[in-house]
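J.:
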Amino acid sequence: MITVKSSVFSSKILKELSYDFGDVYIFDGFVVSEINSGVTITWDDHAKQIVDDVTSFLNTDGSDLVYISNRINSYAVKPNDWLKFFTNSYSLKGYGVVANTKGSIMNTVIENLFFNKKIQRFNSLEAAVQWAKDRVLVDI
């Protein structure tokens with residue numbers, strides 16, 4: 009799998025957010041995350057910080073954004089923490105996961121139980137970005 013920084017999309021990054029647990033790249037209309045190996049993403053320790061930083065930078069509640077999780081590393085998500093995302097009045101236009109390992113696919117299936125929309129799965133970053141562009145009608 010390809011990283012955002014080594015992709016053709018790297019020149020279109022509006023802002024890069026670097027955390028000790030991974031990196032988040034903000035584009036026009038969508039966000040791509042790459043979380044470090046071995047991390048378990050929770051609302052309180054990780055996701056709230058990402059959401060606050062992204063929504064502050066873009067001045068949005070996220071309802072006009074697509075979020076892409078580029079799972080280049082093996083990590084976990086506390087799936088029921090999606091409920092905290094929604095109870096804090098945040099929203100997303102779409103959520104996509106780029107993964108090609110069985111573990112990542114199984115995590116996505118479990119996450120989908122707590123996410124209020126269908127999570128789209130992709131085998132490549134390029135396909136996920138095209139899907140995001142189609143959802144937000146952005147030229148990248």
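In our numbering, the protein residues as written are 9 to 148.
Idealized CB from N, CA, C, for every residue including glycine.
Computed from a prediction, not measured in an experiment: that's the story for all the values here.
Just to confirm, is the Cβ distance from R143 to V106 under 8 Å?
T.: Reading the sequence shown from its first residue, position 135 is the one you call residue 143. Reading the sequence shown from its first residue, position 98 is the one you call residue 106. For R143 and V106, no; Cβs fall outside 8 Å.
J.: Give the single residue among Q128, N96, L133 whose Cα lies nearest to the Cα of D52.
T.: Residue 52 sits at position 44 when you count from the first residue of the sequence shown. Distances from the CA of D52 to each of Q128, N96, L133 were compared; the closest alpha carbon is that of N96.
J.: So, does the CB of N67 fall closer than 8 Å to a CB anywhere in chain D?
T.: Here there is only one protein chain, and chain D is not present.
J.: Have a look at the DSSP bridge pairing and note the partners of A84.
T.: Within the sequence shown, the letter at position 76 stands for residue 84. BP columns for A84 point to T48.
J.: Check this for me: beta carbons of S41 and S77, under 8 Å apart or not?
T.: Here residue 41 refers to the residue found at position 33 of the sequence shown. Here residue 77 refers to the residue found at position 69 of the sequence shown. Yes, Cβ-Cβ distance for S41 and S77 is below 8 Å.
J.: Where DSSP assigns a beta bridge to D31, which residues make up the other side?
T.: For the purposes of this step, residue 31 is identified with residue 23 of the sequence shown, where counting begins at 1. Beta-bridge pairing links D31 to S26, E42.
J.: Reducing DSSP to helix, strand and coil, say where F17 ends up.
T.: Reading the sequence shown from its first residue, position 9 is the one you call residue 17. Residue state, collapsed to three classes: coil.
J.: Going by DSSP, what residue range makes up the beta strand (DSSP E) through V105?
T.: For the purposes of this step, residue 105 is taken as residue 97 along the sequence shown, with counting starting at 1. Taken as a continuous stretch (DSSP letters only), the beta strand (DSSP E) holding V105 covers 102-106.
J.: Between V62, T50, S99, which has its C-alpha nearest S26's C-alpha?
T.: Stepping through the sequence shown from its first residue, residue 26 is reached at position 18. Of V62, T50, S99, the residue nearest in Cα terms is V62.
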